[in-house]
Structures are given as structure tokens and as C-alpha cells.
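Numbering (the UniProt record's numbering), first residue to last: 244 to 517. Positions of the beta carbon are idealized from the N, C-alpha and C atoms, including for glycine. No experiment lies behind these values; they were computed from the predicted model shown. Each remark here refers to the structure printed beneath this line.
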Amino acid sequence: QVPLALLLALLIGYMAWQASASRMSFSREITLGIARGEFEIWCQPLVHAQTHACTGVELLLRWNNPRQGWISPDIFIPLAEQENLIVPLTRYVIDRTIKHIDIFPASSDFHIGINVAADHFRNGLILNDLKRYWFACRPSQRLMLELTEREDLQHLDPQVFRQLRALGVRLAIDDFGTGRSSLAWLEMLKPDVLKIDKSFTAAIGTDSVNSRVISMIIELGQRLGITLVAEGVETALQEEYLRRQQVQILQGWLFARPMPPGEFPAWLERHQRL
Ligand code: C2E
Ligand code: CA
Ligand code: CA
Ligand code: CA
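This is the structure we're talking about:
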């Protein structure tokens with residue numbers, strides 16, 4: 244008779260093997276998807292809270308997988324991070340940005356926002372990868388790099404930040420309020436922008452803890468002199484609150500959903516005529 248413990252161990256082993264095998268094949272698919280150009284960058288506009296002028300776009304990856312159709316970045320980005328594919332994927336985004344560069348206004352107060360992983364800052368790798376961008380863009384076409392606070396950012400080299408800033412790049416801390424930045428660290432890195440996580444925007448007008456936390460985040464940003472962007476703005480009530488609190492820039496479905504790059508110039512023209 245086979246002992247139950249052995250059977251269980253075999254079963255668990257088999258399940259773990261299955262899980263890692265499917266992860267493996269998924270990461271192979273990401274690599275293939277990059278090679279085959281299956282990813283596209285969609286653009287979501289950001290607007291000035293008082294004037295509604297468009298201050299830039301955030302580029303968001305979309306994956307048109309031949310077998311599964313459109314896959315959300317919430318699924319493939321965490322996997323790409325685990326499997327060391329986030330740097331190649333970001334390089335892909337940089338390439339696509341260059342490909343579409345002509346659809347973006349060449350004005351130094353318009354920013355093209357790209358999400359980057361902390362890994363990309365190691366040894367100044369990002370500086371090297373952006374060389375092609377500098378070569379292709381017009382001098383006034385500025386980038387904003389968004390680094391999520393979900394990652395440990397404490398070990399980033401302030402020297403790389405300084406070099407990027409000297410090249411006109413702005414730095415934003417994404418998902419602010421969900422991670423673990425310390426005040427000392429914010430003082431040291433002095434990001435240009437804090438992006439208030441959409442979970443806080445969603446809490447506006449409710450009596451949850453988050454609705455009180457958002458006013459603290461706003462005050463923090465203002466005291467440190469850092470520009471605030473609120474993401475996930477969906478309702479007029481949220482907009483009204485954020486404007487009253489002097490949050491400078493807003494992003495969300497209330498203004499525009501992410502759109503294919505080909506649609507952005509027409510959107511911008513319509514928006515400017517309003
Ligand atoms: P994120 O950087 O926080 O991007 C904002 C997300 O909020 C986007 O989800 C956007 O479509 C969504 N969003 C915008 N306005 C609203 C709104 O009014 N309401 C709601 N409920 N959602 C709104 P998306 O495009 O699904 O991307 C999810 C996450 O995947 C991003 O969150 C980012 O962390 C990651 N991601 C996307 N593209 C890239 C990329 O190129 N590189 C990296 N490293 N990460 C990316
Ligand atoms: Ca972002
Ligand atoms: Ca965010
Ligand atoms: Ca997020």
C-alpha cells in the first residue's frame with residue numbers, strides 16, 4: 244500500500260511542475276510576442292485640472308495575443324517582471340514611441356509618459372536604452388518616466404535621476420500611497436510628479452479611510468512642492484473635489500479612455516476646439 248503522505252507529495256510536486264511549466268510557456272509567448280510585434284501602445288491623455296488643456300499622454304501596453312485575443316497588462320506585466328522580461332518589454336515601448344513620435348505635439352509642456360521598472364535604472368541601463376529616443380525625437384518632445392511605488396525604490400541611484408533630469412526627463416512616482424516611500428527618500432530623489440493611485444480617487448466622497456488619506460497625500464505633495472496627478476478620475480464629483488484641493492493634473496475615463504495611437508491626433512484636435 245502506498246502511504247498517503249507519498250501520494251500527497253507526488254500530487255503537490257506535479258501541481259508545482261504544471262504551474263511552472265505554464266509560466267515558462269507564457270514567458271516564451273511574451274518573448275515571441277515581442278519578436279512578432281503583437282504589443283501595441285495605447286495613449287491616455289492627461290489634462291490640466293483648471294483649464295482642461297492636454298498636458299501629455301500615458302502610454303499603456305496592450306497585447307493582441309493570436310490565441311487568446313487582447314490580454315490586460317495587469318496579467319502580463321507582473322509575469323514579465325518575475326521572468327526578467329520587463330526590460331525587453333520597455334525597450335519595445337520605447338521603439339513604438341519612436342515609431343509614433345510624429346503624432347505627439349512637439350511642445351516642452353507636453354509629456355509622453357512611459358512606465359518603467361526599477362530594474363531598468365540599475366547601472367544606468369535606461370540612459371543607454373533612451374539614446375535611440377533622443378536621436379529620433381524633436382528636442383522639445385519630453386518624456387515622463389513613471390516608476391511604481393509597488394517596487395522597492397529606495398536603492399535607486401540618485402545620480403541616474405540627475406542625469407535623466409539634465410536631459411529634460413521628468414520622473415513620476417506611480418501608484419503613490421500604495422507603496423513604501425519614506426519622507427526622507429522623497430526629499431532625496433525629489434520626483435517631479437506624484438501620481439495618486441486610483442484607489443484613492445475612487446474613495447472620494449465615501450467615508451472610507453482612503454478618503455481621508457487622499458487629503459493627506461495632497462497636502463504632502465503640496466508641502467514638498469511636487470506636482471500632483473490624480474489617476475482614475477471617473478466622475479464630476481471626483482473632478483470637483485480634486486480641483487478644489489488644487490491637484491494640478493487629472494487622468495481618467497471622465498476625460499478620455501486609453502486609445503490606439505492612430506486616434507490620438509483627432510482626439511487632441513476635438514479636445515482643443517472645446
Ligand atoms: P498604471 O500605470 O497605474 O496605469 C493606469 C491604469 O488605470 C491603466 O490600466 C488605465 O487604463 C487605467 N485607467 C485609466 N483611467 C481610468 C479610470 O478612470 N478608471 C479606471 N478604473 N481605470 C482607469 P491598464 O492600461 O490596464 O494598465 C494596468 C497597469 O499595467 C498599469 O497601471 C501599469 O502598472 C501596467 N502597465 C501598463 N503598460 C505598461 C508598460 O508599458 N510598462 C510597464 N512596466 N507597466 C505597464
Ligand atoms: Ca502609470
Ligand atoms: Ca497608477
Ligand atoms: Ca496601477
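Tell me I314's beta-bridge partners as DSSP assigns them. Counting from 1 along the sequence shown, the entry for residue 314 is found at position 71. Paired residue(s): W306.
Evaluate L251 with the Cβ neighbour count: other Cβ atoms within 10 Å of its Cβ, from every protein chain shown; 16 or more gives buried, anything less gives exposed. In the sequence shown, counting from the first residue as 1, residue 251 sits at position 8. For L251, the number of other beta carbons within 10 angstroms of its own is below 16, and it is reported as exposed.
Within the present structure, is the beta-carbon of E474 separated from the nearest heavy atom of ligand 3 by less than 7 Å? As a working note, residue 474 is residue 231 in the sequence shown. Yes.
Which term fits L249, buried or exposed, when burial requires 16 or more other beta carbons within 10 angstroms of its beta carbon? If you number the sequence shown from 1, residue 249 lands on position 6. With fewer than 16 Cβ atoms within 10 Å of its Cβ, L249 is classed as exposed.
Taking 8 Å as the threshold, find out whether the segment 346-360 comes into contact with the segment 293-300 through three or more Cβ pairs. yes
Check whether the segment 398-413 and the segment 428-439 are in contact - that is, three or more C-beta pairs closer than 8 Å. yes
Nearest-angstrom Cα separation, counted from L437 out to I469: Numbered from its first residue, the sequence shown carries residue 469 at position 226. Numbered from its first residue, the sequence shown carries residue 437 at position 194. Each residue's alpha carbon lies about 7 Å from the other.
Starting from Y471, follow its DSSP beta bridges and name the residues at the other end. To locate residue 471, count along the sequence shown from 1; it is residue 228. For the record, residue 471 in the displayed sequence is Leu; it is not Tyr. DSSP lists L437 as partners of L471.
Report yes if the C-beta distance between R393 and R413 is below 8 Å; otherwise report no. Taking the first residue of the sequence shown as position 1, residue 393 is located at position 150. Taking the first residue of the sequence shown as position 1, residue 413 is located at position 170. No, they are not a contact pair.
Quick check: does the Cβ of D417 come within less than 7 Å of any heavy atom belonging to ligand 2? Within the sequence shown, residue 417 is the residue found at index 174, counting from 1. Because some heavy atom of ligand 2 lies under 7 Å away, the Cβ of D417 counts as near it: yes.
Can you pull the DSSP bridge partners for L414? Residue mapping note: residue 414 aligns to position 171 of the sequence shown, counting from 1. L414 pairs with L388.
N358: beta carbon under 7 Å from a heavy atom of ligand 1? Here residue 358 is taken as the residue at index 115 of the sequence shown, counted from 1. Yes, Cβ of N358 sits closer than 7 Å to a heavy atom of ligand 1.
Measuring from the CB of Q325, is there a heavy atom of ligand 1 at a distance below 7 Å? For the purposes of this step, residue 325 is identified with residue 82 of the sequence shown, where counting begins at 1. Outside the cutoff, so no.
A473 and L485: beta carbons closer than 8 Å? Here residue 473 refers to the residue found at position 230 of the sequence shown. Here residue 485 refers to the residue found at position 242 of the sequence shown. In contact: A473 and L485 (Cβ atoms closer than 8 Å).
So L396 and A361 are in contact, right, with Cβ under 8 Å, and what is the actual spacing, rounded? The sequence position of residue 396 within the sequence shown is 153, counting from 1. The sequence position of residue 361 within the sequence shown is 118, counting from 1. L396 to A361, Cβ: 6 Å. Contact.
Beta-carbon spacing of I337, D372 below 8 Å: Translated into the one-based positions of the sequence shown, residue 337 becomes position 94. Translated into the one-based positions of the sequence shown, residue 372 becomes position 129. In this structure, the beta-carbon distance from I337 to D372 falls below 8 Å.
Thinking C-beta only, is L322 closer than 8 Å to S263? Taking the first residue of the sequence shown as 1, we reach residue 263 at position 20. Taking the first residue of the sequence shown as 1, we reach residue 322 at position 79. Not a contact, by the Cβ cut-off of 8 Å.
CB contact flag (G495, E477, <8 Å): Residue numbering aside, residue 495 sits at position 252 when the sequence shown is read from its first letter. Residue numbering aside, residue 477 sits at position 234 when the sequence shown is read from its first letter. It is a contact, given that the beta carbons lie within the stated cut-off.
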